[in-house]
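Visitor: The opening residue of the sequence shown carries number 13 in my numbering; numbering runs sequentially from there.
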Amino acid sequence: MKNWIEWFRTHLHWFVFLLLEAASVTMLFRFNTYHHSVWTTQSNAVVGRVLEWESDLHSYLQLKEINEQLAHENLVLQYNNQLLRDEVSELKHDTTYVEQLMQEHLEDVHCIPARVVSNSVRLRDNVITLNKGALDGVQEEMGVVCGTGVVGIISSVSDHFSLVLPILNSKSNISCRLRDTEYFGSLKWKGGNVLDAYIDDIPRHARFKVGDIVETSGFSSVFPAGVFIGKVSEVLNSSDGLSYELKVRLSSDLAVLRDVNIIENPHKEELDTLNVRGGLIKKE
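1. Within a Cβ cutoff of 8 Å, which residues of the same chain sit near D137, ignoring the five residues on either side of it in sequence?
2. Identify every residue that forms a DSSP beta bridge with A126.
3. By a C-beta neighbour count over all protein chains shown, 10 Å radius and 16 as the cutoff for buried, is S251 buried or exposed?
4. Starting from A209, trace the beta strand (DSSP E) both ways and give me its first and last residue.
5. So, using beta-carbon positions, are Y195 and E257 closer together than 8 Å?
6. Would you identify the three-state DSSP class for V139, choosing helix, strand or coil?
7. Please report the distance separating the alpha-carbon of P12 from that of L254.
8. Whole angstroms is fine: what's the gap from G242's alpha carbon to L147's?
9. Note the first and the last residue of the continuous beta strand (DSSP E) segment covering V163.
10. Under the rule that 16 or more other beta-carbon atoms within 10 Å means buried, what is M154, buried or exposed?
11. Just to confirm my understanding: we take V156, look at its own chain, exclude 5 residues before and 5 after, and list those with CB closer than 6 Å. What are they?
12. Since N131 sits in a beta bridge, which residues does DSSP pair it with?
13. For E33, count the other beta carbons within 10 Å of its own beta carbon; 16 or more makes it buried, fewer makes it exposed. Which is it?
14. How many whole angstroms separate the CB atoms of L269 and C158, which I take to be in contact at a CB cut-off of 8 Å?
15. For N166 and F27, I'd like the C-alpha separation in whole angstroms.
16. Let me make sure I understand the geometry here. Which of G161, P125, V139 has the alpha-carbon closest to that of V150?
17. According to the neighbour-count rule (16 or more other Cβ atoms, all chains shown, within 10 Å of its Cβ), is F235 buried or exposed?
18. Please look up how many angstroms separate the CB atoms of V169 and E152, rounded, as I've assumed it's under 8 Å.
19. Going by the beta-carbon positions, is the gap between A267 and V133 smaller than 8 Å?
20. Where does K221 sit, in a helix, a strand or coil, going by DSSP?
21. Determine the direct distance from the alpha carbon of L103 to that of D208, and round the result to whole angstroms.
22. Determine the closest residue to V247 out of G238, V239, K259, with distance taken between C-alpha atoms.
23. Terminal residues of the continuous beta strand (DSSP E) containing N249?
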């Protein structure tokens with residue numbers, strides 16, 4: 013015991029040195045904006061890389077199951093797609109109508125495919141990490157969608173990874189509308205069930221019903237109009253009783269999310285500049 017005490021006294025100056033170094037580094041990155049930003053970016057990149065390796069290993073172990081599931085889903089989608097094409101062609105008496113409509117709708121939409129490397133759904137403020145970043149053309153405030161609908165909006169980007177503010181986040185606020193109507197609002201998640209979100213302030217004179225489709229409004233440069241979000245599952249009264257609150261059953265189950273597309277709007281900068289000039293958004 014005496015030997016340990018003597019050893020500690022002999023090397024005490026090294027312990028003091030290390031303690032002071034740790035305190036100085038902590039203060040440097042905590043109270044210096046530039047250094048804090050660099051530290052955050054680099055740490056996010058390292059964590060993202062580790063999460064990507066973990067995701068790759070997990071995906072490899074489940075590869076057979078995933079392939080079987082994708083093959084089944086692809087077969088169902090092809091069947092349903094052909095049925096819809098036949099019905100639309102019969103109604104319009106034009107076999108090329110569907111292709112023309114898709115080209116017009118997607119003319120200005122470019123997508124960057126990405127894979128989820130980390131995801132949470134049990135928190136109040138959930139986040140999703142994707143394996144694509146600034147070097148892949150990803151920027152903040154880009155919309156993220158999957159095969160079943162809206163996922164969220166890019167909130168932070170490093171060179172190789174990006175963070176998504178998903179629908180399942182208390183800070184999420186996505187402009188949406190009831191399809192084929194002029195009624196719109198903001199989609200918000202209140203926690204709890206990962207498949208339920210809400211739209212506030214729908215006027216009393218609005219005409220709608222349970223089962224109506226909810227989609228993106230197109231009022232921002234993040235999402236084009238008409239991207240599927242979900243369906244109205246319940247009609248509630250607002251807290252003040254002056255309007256309706258709609259409960260929406262989301263089309264995308266983010267708990268099993270894997271592959272997504274990041275929407276790149278080539279006219280985003282032009283639209284944002286116009287909105288700033290018109291006073292619709294504040295210039296940072």
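All residues carry an ideal CB built from backbone N, CA and C; glycine is no exception.
Guide: According to the data block:
1. As a working note, residue 137 is residue 125 in the sequence shown. The beta carbon of D137 is closer than 8 Å to those of N181, S182, K183 in its chain, skipping five residues each way along the sequence.
2. Counting from one through the sequence shown, the residue named residue 126 turns up at place 114. Looking at the DSSP assignment, A126 forms a beta bridge with V272.
3. Residue 251 sits at position 239 when you count from the first residue of the sequence shown. The residue is exposed, with fewer than 16 neighbouring Cβ atoms inside 10 Å.
4. In the sequence shown, the residue the question calls residue 209 occupies position 197. A209 -> beta strand (DSSP E) spans 208-215.
5. Here residue 195 corresponds to residue number 183 of the sequence shown, with the count starting at 1. Here residue 257 corresponds to residue number 245 of the sequence shown, with the count starting at 1. Between Y195 and E257, the gap from beta carbon to beta carbon reaches 8 Å or more.
6. On the sequence shown, position 127 is the one that residue 139 refers to. Note: V139 maps to coil in three-state DSSP.
7. Because the chain here runs from 13 to 296, residue 12 falls outside it and cannot be looked at.
8. Locating residue 242 in the sequence shown gives position 230, counting from the first residue. Locating residue 147 in the sequence shown gives position 135, counting from the first residue. Whole-angstrom Cα-Cα distance: 32 Å.
9. To locate residue 163, count along the sequence shown from 1; it is residue 151. 161-169 is the span of the beta strand (DSSP E), which, as asked, contains V163.
10. Residue 154 sits at position 142 when you count from the first residue of the sequence shown. Buried is the call here.
11. Against the sequence shown, residue 156 aligns to sequence position 144. The answer, listed in chain order, is V163, G164, V176, V272, I274.
12. As a position in the sequence shown, residue 131 is number 119, starting the count at 1. Partner(s): I140.
13. Position 21 of the sequence shown, counted from the first residue, corresponds to residue 33. Its Cβ having fewer than 16 others within 10 Å, E33 is exposed.
14. One-based indexing of the sequence shown puts residue 269 at position 257. One-based indexing of the sequence shown puts residue 158 at position 146. With a contact defined as Cβ atoms closer than 8 Å, L269 and C158 qualify at about 6 Å.
15. Locating residue 166 in the sequence shown gives position 154, counting from the first residue. Locating residue 27 in the sequence shown gives position 15, counting from the first residue. Contrary to the premise, residue 166 reads as Ile rather than Asn in this sequence. Straight across, the Cα-Cα distance linking I166 with F27 is about 43 Å.
16. Position 138 of the sequence shown holds residue 150. Taking each of G161, P125, V139 in turn and checking the Cα distance to V150, the smallest one comes out for P125.
17. Here residue 235 refers to the residue found at position 223 of the sequence shown. Of the other Cβ atoms in all chains shown, 16 or more fall within 10 Å of the Cβ of F235; this residue is therefore buried.
18. Taking the first residue of the sequence shown as position 1, residue 169 is located at position 157. Taking the first residue of the sequence shown as position 1, residue 152 is located at position 140. Going by Cβ atoms, the distance from V169 to E152 rounds to 6 Å, so yes, they are a contact pair.
19. Start at 1 with the first residue of the sequence shown, and residue 267 comes out as number 255. Start at 1 with the first residue of the sequence shown, and residue 133 comes out as number 121. Cβ distance < 8 Å, so A267 and V133 count as in contact.
20. Here residue 221 is taken as the residue at index 209 of the sequence shown, counted from 1. Three-state result, K221: coil.
21. Within the sequence shown, numbered from 1, the residue matching residue 208 stands at position 196. Within the sequence shown, numbered from 1, the residue matching residue 103 stands at position 91. Approximately 34 Å between the Cα atoms of the pair.
22. The residue you call residue 247 lines up with position 235 of the sequence shown. Nearest Cα to V247 within the set G238, V239, K259: K259.
23. Translated into the one-based positions of the sequence shown, residue 249 becomes position 237. First-last of the beta strand (DSSP E) with N249: 240-249.
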